[in-house]
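Data first, discussion second: the structure below is written as structure tokens.
Protein chains in written order, with the working numbering: chain D, 448 to 857; chain V, 324 to 600.
Next up, the structure:
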């Protein structure tokens with residue numbers, strides 16, 4: 448019984464010093480199959496896949512494509528659609544969206560082409576005595592591309608909406624358009640504005656292109672500066688090529704300035720990237736415009752080091768639409784180790800949100816190891832520590848026993 | 324004036340008086356009345372965001388936002404409740420795939436002018452097309468309904484409760500077995516694989532040598548999953564098994580070291596590939 452505590456300590460230390468012993472790895476992809484129908488020769492098509500890291504640790508995953516049309520496939524971060532990537536890093540229990548582009552060659556035959564996209568874990572490797580096989584997970588997403596020689600210009604309108612606005616703020620007419628063809632579609636949106644049945648203005652928007660198989664919202668703006676307040680109607684007609692797809696009359700009001708509510712919430716502050724000395728961290732403030740009208744928003748904060756004010760942080764000012772959430776980003780380069788806290792709030796429309804804060808620790812930089820040290824036996828320190836603690840535990844147990852004997856003598 | 328003439332005069336005077344007085348009296352007491360009919364509310368549109376859902380792997384749920392535009396000819400104040408009343412797939416009830424119990428009340432969002440609610444799809448929700456039904460009820464108990472659709476794709480996902488298979492030190496001519504179990508528990512030394520996607524899964528495996536005095540793993544390693552045993556080589560081999568969503572199953576490995584194998588440490592990569600239906 449007396450040796451139980453030292454044994455438990457030894458087992459605990461042994462397990463905690465072997466990081467892979469308690470780790471698992473997990474990986475997922477959605478969707479598990481992608482079909483591009485009626486692909487046009489020379490066209491470019493895009494799809495988004497989601498890669499899930501269900502493992503216990505942050506992981507980097509390779510992205511590859513295999514099969515007859517693998518050369519047509521490339522991967523991108525959605526926010527950087529022009530920089531190809533071959534791997535993606537995802538925090539534990541997190542996920543990442545990956546933009547997949549399919550560039551169809553112009554000189555291929557009409558046929559069905561297949562490939563498989565893979566996300567694959569990268570094993571840590573190293574360590575272990577005897578024979579060890581490191582586990583790798585590989586998850587596929589099957590691709591079928593049906594290439595045809597016919598250009599198809601086709602689409603449908605899912606919705607047309609507009610909301611009340613204030614003088615000086617543009618009226619936003621939102622047209623949700625689905626491209627059902629195989630080439631980029633630029634629907635023509637003709638708008639006529641009337642007040643009391645009398646025409647006030649008219650214009651056409653035909654500049655926004657929607658990629659094949661994509662659904663997107665086209666926002667058409669009407670400048671209300673200098674317009675009279677009151678009730679208006681927007682007569683909207685959407686056509687593609689020669690075909691009229693939809694028409695709708697949208698009543699709306701132009702209200703006096705200040706009528707609609709301005710409101711916003713700072714949901715969270717978070718840092719991205721590992722906080723290390725001489726590394727620039729990215730601070731992300733998630734701000735939601737919960738008001739009835741668009742607003743400009745800017746994050747302002749203070750960074751404290753060991754409780755002392757160190758510097759101020761500011762993001763760029765961003766336009767945030769009503770009902771939308773924006774990431775207000777600011778950067779800071781860490782120069783010394785220690786405990787940091789960032790506090791701040793978002794300014795918008797002459798108002799401020801409640802304050803939020805985020806704290807993090809920056810470790811002391813590791814000293815470069817000498818060549819002699821690099822050749823040391825891996826895990827020697829851990830074994831030494833276990834042996835030392837074992838001796839201490841046994842010594843303590845022995846001393847305790849001697850102490851009891853001493854009591855008996857008395 | 325004789326009696327006859329008197330009577331005629333009185334009658335004439337009475338008729339004149341009535342002709343003047345009666346219509347005036349009727350005008351003073353006239354009332355107008357009308358009733359306004361109650362019209363049923365109309366659910367003009369139902370949208371689900373995202374319309375194409377990528378389910379998070381188990382055990383997580385995946386939120387979807389349902390928005391409905393509702394109008395009522397009697398005015399917005401006549402709309403009493405707006406609720407999600409059904410979730411179907413292929414005409415059958417599919418409400419068992421959400422964590423909420425139907426009906427689910429929707430709340431009015433003044434920013435968007437729509438009613439909205441969030442549903443949470445379970446990680447095992449089968450792929451396919453789904454229909455959400457929204458019902459609006461007015462203060463006079465009249466109702467209007469409409470539907471919106473969304474699709475759920477296949478999420479192919481696999482969890483391992485191990486990062487490496489350690490066969491230890493083996494004498495030439497002997498073998499080492501690392502037995503798996505069905506209990507998904509990291510660090511127990513008993514390899515387990517778990518299907519955490521929403522479709523049945525088979526697995527493929529291959530093994531490659533990354534370091535060591537000579538090639539050992541390919542051809543000398545075997546694995547057993549759900550009773551199917553395969554020799555592992557550098558080419559992925561399918562086990563032909565079906566692992567259901569959320570099912571954890573043992574993955575057992577055996578390495579046979581041929582006589583005459585050089586002594587030393589050997590490392591390899593064991594690739595486990597999911598194959599989703």
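C-beta: ideal position from N, C-alpha, C; glycine also.
| Query | Result |
| --- | --- |
| Sequence ranges, beta strand (DSSP E) only - wholly within the segment 492–528 of chain D, length at least 3 | 506–514, 520–524 |
| Residue 740 of chain D (DSSP reduced to helix, strand or coil) | coil |
| Boundaries of the beta strand (DSSP E) in which residue 423 of chain V is found, first to last residue | Where residue 423 of chain V is concerned, there is no enclosing beta strand (DSSP E), given that its DSSP letter is neither H nor E. |
| Residue from V:584, V:556, V:450, V:563 whose Cα sits closest to the Cα of residue 550 of chain V | V:563 |
| Contacts around residue 807 of chain D, its chain only, beta-carbon distance under 7 Å, and the 5 residues preceding and following it disregarded | 718, 722, 787 |
| C-beta atoms of residue 552 of chain V and residue 541 of chain V nearer than 8 Å | no |
| Integer-rounded CB distance, given that residue 700 of chain D should sit under 8 Å from residue 683 of chain D | That pair is no contact at about 17 Å. |
| For residue 824 of chain D, the three-state DSSP class (helix, strand or coil) | Here the model assigns residue 824 of chain D a pLDDT of 40, short of 50, so the residue's position is not dependable and the matter cannot be decided. |
| The segment 431–446 of chain V: positions lying closer than 9 Å to chain D by Cβ | 432, 433, 434, 435, 436 |
| Chain V within 8 Å of residue 692 of chain D, Cβ atoms only | no |
| Rounded separation between residue 397 of chain V and residue 490 of chain D - CA only | 51 Å |
| Where the beta strand (DSSP E) containing residue 524 of chain V begins and where it ends | 524–534 |
| Whole-angstrom distance between residue 813 of chain D and residue 821 of chain D, CA atom to CA atom | Because the pLDDT of residue 821 of chain D is 38, which lies under 50, any placement of that residue in the model is unreliable, and the question is left without a value. |
| As assigned by DSSP and simplified to three states, the class of residue 399 of chain V | helix |
| Nearest to residue 744 of chain D (by Cα), restricted to the options D:755, D:752, D:709, D:754 | D:709 |
| 3 or more residues per run - each beta strand (DSSP E) lying fully within the segment 351–401 of chain V | 365–372, 385–394 |
| Interface partners of residue 380 of chain V on chain D, CB under 8 Å | 473, 475, 499, 501 |
| Of the residues D:738, D:716, D:737, D:739, the one placed nearest residue 729 of chain D, counting alpha carbons only | D:716 |
| Backbone secondary structure at residue 769 of chain D - three-state DSSP | coil |
| First through last residue of the beta strand (DSSP E) which encompasses residue 558 of chain V | Taken as a continuous stretch (DSSP letters only), residue 558 of chain V belongs to no beta strand (DSSP E), as it is neither H nor E. |
| Neighbourhood of residue 525 of chain V by C-beta, 7 Å cutoff - its chain only, sequence neighbours within 5 removed | 561, 562, 563, 564, 565, 598 |
| Where the beta strand (DSSP E) through residue 792 of chain D begins and ends | 785–795 |
| Close beta carbons around residue 498 of chain V, own chain, < 8 Å, minus the five adjacent residues each side | 577, 578, 579, 580 |
| Within 8 Å, strictly: CB atoms of residue 407 of chain V and residue 393 of chain V | no |
| Residue environment, residue 531 of chain D, which counts as buried when at least 16 other CB atoms sit within 10 Å | exposed |
| Coarse secondary structure for residue 333 of chain V, derived from DSSP in three states | helix |
| Straight-line gap, residue 677 of chain D to residue 702 of chain D (C-alpha atoms, nearest Å) | 7 Å |
| Below-8 Å beta-carbon distance, residue 586 of chain D vs any chain V residue | yes |
| Residue nearest to residue 618 of chain D in terms of C-alpha spacing, selected from D:561, D:535, D:588, D:667 | D:667 |
| Neighbour flag for residue 561 of chain D against chain V, beta carbons, 8 Å | no |
| Cross-chain neighbours of residue 368 of chain V in chain D, by beta carbon under 8 Å | 606 |
| Residue 712 of chain D beta carbon less than 8 Å from that of residue 800 of chain D | yes |
| Residue(s) in a DSSP beta bridge with residue 544 of chain D | D:497 |
| Anticipated Cβ contact below 8 Å, residue 488 of chain D with residue 551 of chain D, distance rounded | 6 Å |
| Minimum Cβ-Cβ distance from residue 581 of chain D to chain V less than 8 Å | yes |
| Local conformation of residue 644 of chain D per DSSP, three classes | coil |
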